[in-house]
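Numbering (the numbering used here), first residue to last: 4 to 913.
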């Protein structure tokens, strides 16, 4: 009945496609070995109601609602899980490799996986066509094979390195064959092949090659090595040539000299005590008798005699500026080349320096100063070099035009020294001529005492005996007489401010020029200062204070000068407005001094006037003991007898009496806290102002402090403790002041509420001391009352031995006899009897375990509290222990062994 349905489903699935991508088929293993089993899992799991599993185009199983149908060719080899849709296949064969597909209509899905079934690799073998080979001649062929295995891949190894195809390496037969063309020494191996498939792998035994090669890399060493800068060996040297090459097998050696074989077949050739005829080409020949190859290496050995001497000489002619000069380098021994040095620097060919073909001669034409220096020639051959001794070249020249140093002008009576110098090598010889006649030889010529006849031309002639040249120069000497006098004099009136004034300079001798100075600095004409034509007169058109100073004139000629002595110019002026210094106020009985000064040159003369009448002369006027009649105007008149001018000033003097008394006094009652209090300042004499101080600091009015109109009364509206201190008043007038003695202000107050210090409770038979104190100024007086009756006076009250009748209220009364105030405080004293007994006793039966047991504390005296202890530690009520209301009874509800111990009771009062 179900087969027709299966066919219908199959036809539907064949035509059904979907692009659902959420499902995947995951095999339990892949690839797989022949004969193994595999399970194909659908991920995520999804039960298929309608669908198929297929291999390539072959249906494996069809799933439909309620069942499934397996293809005949897979029956017995597969199993299907309906709940997960997984498919299991057993006994896999090579032909089971391929594409597996699961399709579903319900649910809709389509997923594919490809399986690879492979055969295990076995009997891996590696073979080579030959193992003994010649480098670059032979080819190596390796073949890798297995007896079984499928899906094989090959990998080749040389040692631990992988071999890949290149221009000499070829891989064939699916990489199972390795061919190396023109093997090299680096191809010796060992070679192995690896074979791999998805389920197994294997590596062959190694095969190594024996590659013959060489000779190659032939090298030759020559010992000893050449020293730096040399290209040959000295005659007599011992030389060893060593040859080596890379080769397998080892090579044999032969040696050749200049193309002819030597009787030496070892790797070394020794040359002993060499001579020049051993210079030539040395060749080493290496031969491999297996590869039949040769290698040759040649070197040139040169044997040379060293240079023994080098000398540098001139051609005999001295070096003269602008002429030709020749040096020759003379060498003993074979020479390859010669080089020339000047001052250690190599000389190069230029348009003035010429070398011979063999470099042994150097010509400088023409020679210059720059050619001066030390010259060397150095000769070289292949084994040595040697320098000549230095030739010091100094260029001879001159004399050039001489120079004469001497004065151009001189005074009669003096002598003059002429010095002549000329640039020359060697130094020149000198001759002197005066007005054409020779007077001396040598570079220095000193004249005698000069006269006016010594005026004339002096000529110096310089001669160089090497160059044969001379040169001449002349100089003119002028002889003059000296200046002998210079003095400054006044022309006309003395200098007066703002008026004209002149000075003249009188001189003697030959004067070329006159110069004026003030205070050592040169003077020049300006809008107030003029000079005469020959500069001998200086005129001030309007002389000023700034013209004050020391004036000098200096007279000059080229050989002498004279400066005059200082002329002190002081400009006369004034008097300007006088100034009176002295007091404007004076005290009766004192004297006063007035000083009058006025700016004036020369100093002024002074006269004094009082209220219009002359009273004194001179700049100072002293008034004796002042009276009130001394008050008035004092006038000073200043007069200058040069300028004939005068000037006047006046000053007013006021005369007053001094302050003679200042004292502070109290007005009314003594100072009491918070009450009004006043002080007054009593004075005598003329008083302009009064100032008050407390403790040395000024006092100012504020909301509690007032001053009277003339400041002589100080009122404190509500005196406070902060007003305590030392008060003073100071009385002033412009000429005197007086400060009063200190008045000590102490504010009276109190008494404030007293304080009693004493015990609150005491025992009968004892006495008690009460102390009473109260803040008060002055100190309070005290009275004591017990229960309303006075019992004592004074701040301390000590009772007689107490009884219970002493219990009661004790009162202290404090009284201030200045403020008229009192203050009271009371204190209660409690009197008790002492505790005289505390004993622990048992109430009722003796203590029996688990039964009730009671102890009582019997006492005598006033008892305030009772406390219990066991073994010295305090006891407290718990679930087995109770105390009575007044604590005098201790009850154990159920006495236990743990209650054993020493019990005590303590009775207390304060």
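From the three backbone atoms N, C-alpha and C, an ideal C-beta is built for every residue, glycine too. Predicted model, so just to flag it, every value in this text is computed and none were measured.
Taking just the CA atoms, how far does residue j sit from residue i?
i           : j           : result
residue 910 : residue 836 : 13 Å
residue 333 : residue 374 : 21 Å
residue 135 : residue 216 : 11 Å
residue 24  : residue 179 : Summary for residue 24: the model assigns pLDDT 48, below 50, so the residue's position carries little reliability; its value from the coordinates is reported in the next sentence. Near 41 Å, if we compare the C-alpha coordinates of residue 179 and residue 24.
residue 412 : residue 514 : 15 Å
residue 251 : residue 350 : 57 Å
residue 729 : residue 632 : 42 Å
residue 528 : residue 520 : 12 Å
residue 454 : residue 415 : 5 Å
residue 49  : residue 87  : 6 Å
residue 516 : residue 648 : 41 Å
residue 184 : residue 166 : 14 Å
residue 337 : residue 428 : 39 Å
residue 146 : residue 198 : 12 Å
residue 736 : residue 587 : 13 Å
Under 8 Å Cβ to Cβ from residue i, same chain only, skipping five residues before and after it: list those, please.
i           : result
residue 41  : 30, 31, 32, 33, 35, 91, 92, 95, 118
residue 264 : 257, 258
residue 532 : 526, 541, 542, 543, 544
residue 409 : 419, 420, 421, 422, 461, 478, 480
residue 335 : 310, 311, 312, 313
residue 397 : 322, 375, 428
On a CA-only basis, which of the options is nearest residue i? Give me that one, please.
i           : options            : result
residue 714 : 243, 695, 184      : 695
residue 699 : 113, 743, 440      : 743
residue 863 : 464, 838, 160      : 838
residue 580 : 341, 599, 493, 348 : 599
residue 733 : 662, 747, 770      : 662
residue 171 : 149, 140, 153      : 140
residue 845 : 860, 833, 834      : 860
residue 616 : 604, 625, 636, 74  : 636
residue 761 : 833, 205, 229      : 833
residue 876 : 271, 283, 151, 904 : 904
residue 234 : 126, 388, 286, 221 : 388
residue 561 : 485, 381, 456      : 485
residue 563 : 502, 643, 482, 594 : 482
residue 865 : 881, 854, 807, 847 : 807
Given residue i, which residues of its chain have a CB within under 6 Å of its CB, disregarding the five upstream and five downstream residues?
i           : result
residue 628 : 592
residue 275 : 241
residue 345 : 376, 378
residue 106 : 16, 54, 55, 113
residue 357 : 366
Would residue i and residue j qualify as a contact pair, given that the criterion is a beta-carbon distance under 9 Å?
i           : j           : result
residue 174 : residue 189 : no
residue 236 : residue 144 : no
residue 773 : residue 802 : yes
residue 103 : residue 111 : no
residue 400 : residue 467 : yes
residue 426 : residue 366 : no
residue 186 : residue 214 : yes
residue 492 : residue 570 : yes
residue 746 : residue 805 : no
residue 127 : residue 148 : yes
residue 3   : residue 873 : In the structure displayed, the chain extends from 4 to 913; residue 3 sits before or after that span and is not available.
Checking the sheet assignment: what are the DSSP bridge partners for residue i?
i           : result
residue 826 : 817
residue 729 : 747
residue 210 : 194
residue 654 : 637
residue 578 : BP columns for residue 578 are empty, so no partner.
residue 433 : 465
residue 909 : 870
residue 950 : Nothing about residue 950 can be read from this structure; the chain reaches only from 4 to 913.
Skipping 5 residues on each side, what residues in its chain have a beta carbon closer than 7 Å to that of residue i?
i           : result
residue 826 : 754, 755, 756, 757, 777, 817
residue 445 : 433
residue 212 : 134, 136, 143, 186, 190, 191, 192
residue 153 : 97, 121, 122, 200
residue 764 : 833, 835, 913
residue 613 : 635, 637
Between residue i and chain B, is any beta-carbon pair separated by less than 9 Å?
i           : result
residue 243 : The structure shown has no chain B; it contains just one protein chain.
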